[in-house]
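A.B. asks: With the numbering used here applied, the sequence shown corresponds to residues -6 to 203, in that order. The structure that follows is given in the form of structure tokens.
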Amino acid sequence: MSRYVLGVTGASGIIYATRTAMHLHRCGHDVTLIVTHPGKQVLEYEGQNALYDYCKDVCNVDDFFAECASGSSDIAGMAVVPCSMGTLGRIAAGTSDNLLVRAADVCLKERRPLVIVPREMPYNLIHIENMKRVTLAGAVVIPASPQFYSKPTTMEELVDTVVAKVLKHLGVEQSLVASVAKVWSGEERRFPLPGTSPGQAQAGMTTNDH
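Pasting the structure below:
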């Protein structure tokens, strides 16, 4: 069992944070939550109060005495989900002006996994430059861009296609990535490839299999 920090900002898409915390919790890991002041407003507006149910600790964003502010802590990694462009800029600049940004800076300096999930669109050059800076510093940027080839049928399944990537880059073993990989490899193919009929695609066959 490991401990992970989950940072939540004022960007829309708090459901990504809720699902990330839920899957970390189900995998037996502890979640330390940091929510910015705008993040609390968006969280309540989007009806994602269930997020707190999956978090062992909730830290005040202004509390620099929290354990995750120190490189001596046993935090295994951190995800900022969703990450506003303002928070991205502060992480890129290393300002450490609140606990969330400081915890992210700690992960970078200690070479621990840091995953940043921006949801903003479109990006301007400043956004792109900041994503470049944090990537060069060691973070992984995973835009909240879900995939559709696994044919998700619910909002939760769609969100989980992004969450799977977040967990993977945190180093967390889980089944979400495997289930998506099966679709792509053909074990659960639901779409035809060149030279297949819909029925053959469902069975993972091509015309050369006859």
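Using N, Cα and C, we set each Cβ at its ideal position, and we do this for glycine too.
(1) On the three-state DSSP scale, how would you describe Cys76?
(2) Going by beta carbon distance, what residues of the same chain come within less than 6 Å of Pro136, once the five residues before and after it are set aside?
(3) When burial is assigned at 16 or more other CB atoms within 10 Å of the CB, is Leu129 buried or exposed?
(4) Can you give me the C-alpha to C-alpha distance between Asn91 and Met78, rounded to a whole angstrom?
(5) Does the distance from the CB of Val24 to the CB of Tyr9 come in under 8 Å?
(6) Using the three-state DSSP reduction, which class does Ile109 fall into: helix, strand or coil?
(7) Would you call the region 84 to 100 in contact with the region 136 to 148, where contact means no fewer than 3 C-beta pairs closer than 8 Å?
(8) What are the boundary residues of the beta strand (DSSP E) that includes Cys52?
(9) Need the endpoints of the beta strand (DSSP E) that Leu(-1) sits in, please.
(10) If you reduce the DSSP assignment to three classes, tell me which class Thr147 lands in.
(11) Taking the alpha carbon of Ser65 as the point to measure from, which residue in Glu39, Arg104, Thr2 and Asp50 has its own alpha carbon closest?
C.D. replies: By the coordinates alone:
(1) Here residue 76 corresponds to residue number 83 of the sequence shown, with the count starting at 1. Looking at Cys76 - three-state DSSP - the assignment turns out to be strand.
(2) Position 143 of the sequence shown, counting from 1, holds the residue named residue 136. Pro111.
(3) As a working note, residue 129 is residue 136 in the sequence shown. Leu129 comes out exposed.
(4) Indexing the sequence shown from 1 puts residue 91 at position 98. Indexing the sequence shown from 1 puts residue 78 at position 85. About 15 Å.
(5) Within the sequence shown, residue 24 is the residue found at index 31, counting from 1. Within the sequence shown, residue 9 is the residue found at index 16, counting from 1. No, Cβ-Cβ distance for Val24 and Tyr9 is not below 8 Å.
(6) Within the sequence shown, residue 109 is the residue found at index 116, counting from 1. Of the three classes helix, strand and coil, the one that applies to Ile109 here is strand, per DSSP.
(7) no
(8) Counting from 1 along the sequence shown, the entry for residue 52 is found at position 59. Element bounds for Cys52: Asp50 to Cys52.
(9) Translated into the one-based positions of the sequence shown, residue -1 becomes position 6. Arg(-4) to Val1 is the span of the beta strand (DSSP E), which, as asked, contains Leu(-1).
(10) Working through the sequence shown from its first residue, we reach residue 147 at position 154. Looking at Thr147 - three-state DSSP - the assignment turns out to be coil, as it is neither helix nor strand.
(11) Residue numbering aside, residue 65 sits at position 72 when the sequence shown is read from its first letter. Of the listed residues, the one whose Cα sits closest to Ser65 is Arg104.
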